[in-house]
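Colleague:
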Amino acid sequence: MENTIAEKLNFDSELATVALIRDAVDFPITERTVIVNLAQTDAFTGTTQLAPLPPLSSTILVKGVVTGELILAVAAASEDEQERRARAIGWHDFYGEGGPVLLKSPQAVIGTVLIDRRTVLHQPALPSRPERFTVKANLWFSPAGTDCGIHNVHPFIEVHTQISGLGRMQKFDEKTHRSLYEDQMLSPGTTNPIPFCVDVEGTFTYPWHQYRADSDCLWLALEFHAA
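When we follow the working numbering, the leftmost residue of the sequence shown carries the number 134, and every step to the right adds one.
Laid out in structure tokens, this is it:
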């Protein structure tokens with residue numbers, strides 16, 4: 134533990150403290166914190182009895198320790214006036230005037246991890262071949278009732294972790310709300326369980342999908358780009 138350093142990321146702010154912990158061994162957590170395992174090996178959290186935290190998954194640790202290769206720790210501050218505070222510190226207004234309120238923090242480049250597409254995307258027909266991926270992360274905010282925009286193009290593997298509020302990831306057959314076919318509910322500390330994309334001849338192919346904020350929401354976007 135003595136040699137483990139928590140590195141503040143560029144979107145650490147008054148809305149949420151954000152720290153990256155590399156090669157953590159019994160790193161102490163002393164306040165309510167969302168712990169995200171960015172590595173492809175199990176992390177471990179707890180107190181007297183440690184529990185595994187699988188790759189690309191998350192939990193809320195109130196107190197205890199965390200051990201893992203690459204851990205992102207996010208502790209939300211007060212949920213009061215999140216939109217005003219996000220605008221005050223310069224978060225990017227993704228749609229601008231007239232569009233849905235979707236505010237984006239600066240994005241951090243975290244580093245590289247080894248990912249086997251066959252395992253992460255649950256596609257047994259793919260060859261098993263670990264590849265280097267660059268990890269990027271940022272926070273988003275939207276107020277209650279916001280549909281953040283149906284889309285289906287990302288040149289990377291993406292997952293989302295809920296930090297505060299209640300939201301959902303939704304899948305659609307078409308670029309219409311009436312074609313909704315799946316709701317994945319996200320409460321604080323939850324990451325959508327499997328990336329939405331599949332590998333089609335080396336290209337990440339997504340269904341139509343969007344994030345929806347049921348309440349005022351702060352969530353983490355994690356992007357894994359083939360290096």
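All C-beta atoms in this analysis are idealised placements derived from N, C-alpha and C, irrespective of residue type, glycine included.
Note that this is a predicted model, so its numbers are computed, not measured.
Helix or strand or just coil, what does DSSP make of L142?
Modeller: Working through the sequence shown from its first residue, we reach residue 142 at position 9. The answer is coil: DSSP assigns L142 none of H, G, I, E or B.
Colleague: From which residue to which residue does the beta strand (DSSP E) around A277 run?
Modeller: Position 144 of the sequence shown holds residue 277. Counting along the chain, A277 falls outside any beta strand (DSSP E), and DSSP gives it neither H nor E.
Colleague: Have a look at Q182 and S191 and give me their C-alpha separation to the nearest angstrom.
Modeller: By one-based count along the sequence shown, residue 182 stands at place 49. By one-based count along the sequence shown, residue 191 stands at place 58. Approximately 18 Å, taken between the alpha carbons.
Colleague: Could you say which of Q303, G278, A346 and N143 lies nearest to P388 if we only look at CA atoms?
Modeller: Residue 388 is absent from the model: the chain starts at 134 and stops at 360.
Colleague: Could you check if A346 is buried or exposed, using at least 16 other CB atoms within 10 Å of its CB as the buried criterion?
Modeller: Taking the first residue of the sequence shown as 1, we reach residue 346 at position 213. Result: buried.
Colleague: Provide the residue(s) that pair with T192 in DSSP beta bridges, ordered along the chain.
Modeller: Locating residue 192 in the sequence shown gives position 59, where the first residue counts as 1. Looking at the DSSP assignment, T192 forms a beta bridge with I168.
Colleague: Entirely within the region 213-250 and at least 3 residues each: give me those beta strand (DSSP E) ranges in chain order.
Modeller: Here the runs fully enclosed are 241-249.
Colleague: In chain order, which continuous runs of the beta strand (DSSP E) of length 3 or greater are located wholly inside the region 291-350?
Modeller: 300-305, 313-319, 331-333, 336-338 and 341-346, all fully within the region 291-350.
Colleague: Quickly, what does DSSP pair T178 with across the bridge? List them, please.
Modeller: Counting from one through the sequence shown, the residue named residue 178 turns up at place 45. According to DSSP, T178 bridges with A184 and V199.
Colleague: My assumption, with CB atoms under 8 Å, is that T294 sits in contact with L355. Please give the rounded CB distance.
Modeller: The residue you call residue 294 lines up with position 161 of the sequence shown. The residue you call residue 355 lines up with position 222 of the sequence shown. Yes, T294 and L355 are in contact; Cβ-Cβ is about 7 Å, under 8 Å.
Colleague: Classify G223 as buried or exposed, calling it buried when 16 or more other Cβ atoms lie within 10 Å of its own Cβ.
Modeller: By 1-based counting over the sequence shown, the position of residue 223 is 90. Answer is exposed; the Cβ neighbour count stays below 16.
Colleague: Using the Cα positions of N271 and L148, report the straight-line distance between them to the nearest angstrom.
Modeller: Mapped onto the sequence shown, residue 271 falls at position 138. Mapped onto the sequence shown, residue 148 falls at position 15. Rounded to whole angstroms, N271 to L148 spans 13 Å at the Cα level.
Colleague: Taking the alpha carbon of A360 as the point to measure from, which residue in F227, T150, D213 and V242 has its own alpha carbon closest?
Modeller: Your numbering for residue 360 matches position 227 in the sequence shown. Of the listed residues, the one whose Cα sits closest to A360 is V242.
Colleague: Out of curiosity, what's the CA-to-CA distance linking H225 and G231?
Modeller: Here residue 225 is taken as the residue at index 92 of the sequence shown, counted from 1. Here residue 231 is taken as the residue at index 98 of the sequence shown, counted from 1. Those two C-alpha atoms are separated by around 15 Å.
Colleague: Between the alpha carbons of C281 and I296, how many angstroms are there, rounded?
Modeller: Residue numbering aside, residue 281 sits at position 148 when the sequence shown is read from its first letter. Residue numbering aside, residue 296 sits at position 163 when the sequence shown is read from its first letter. Distance between the alpha carbons of C281 and I296: 17 Å.
Colleague: Shortest alpha-carbon distance to E440 belongs to which of A209, Q317, T245 and P188?
Modeller: Nothing can be reported for residue 440, as the shown portion of the chain is limited to 134 through 360.
Colleague: Is it a yes or a no for the region 332-349 touching the region 283-293, going by three-plus beta-carbon pairs under 8 Å?
Modeller: Output reads yes: the region 283-293 touches the region 332-349.
Colleague: In or out: N143 buried (at least 16 other Cβ within 10 Å) or exposed?
Modeller: Along the sequence shown, read from residue 1 onward, the residue named residue 143 stands at position 10. Answer is exposed; the Cβ neighbour count stays below 16.
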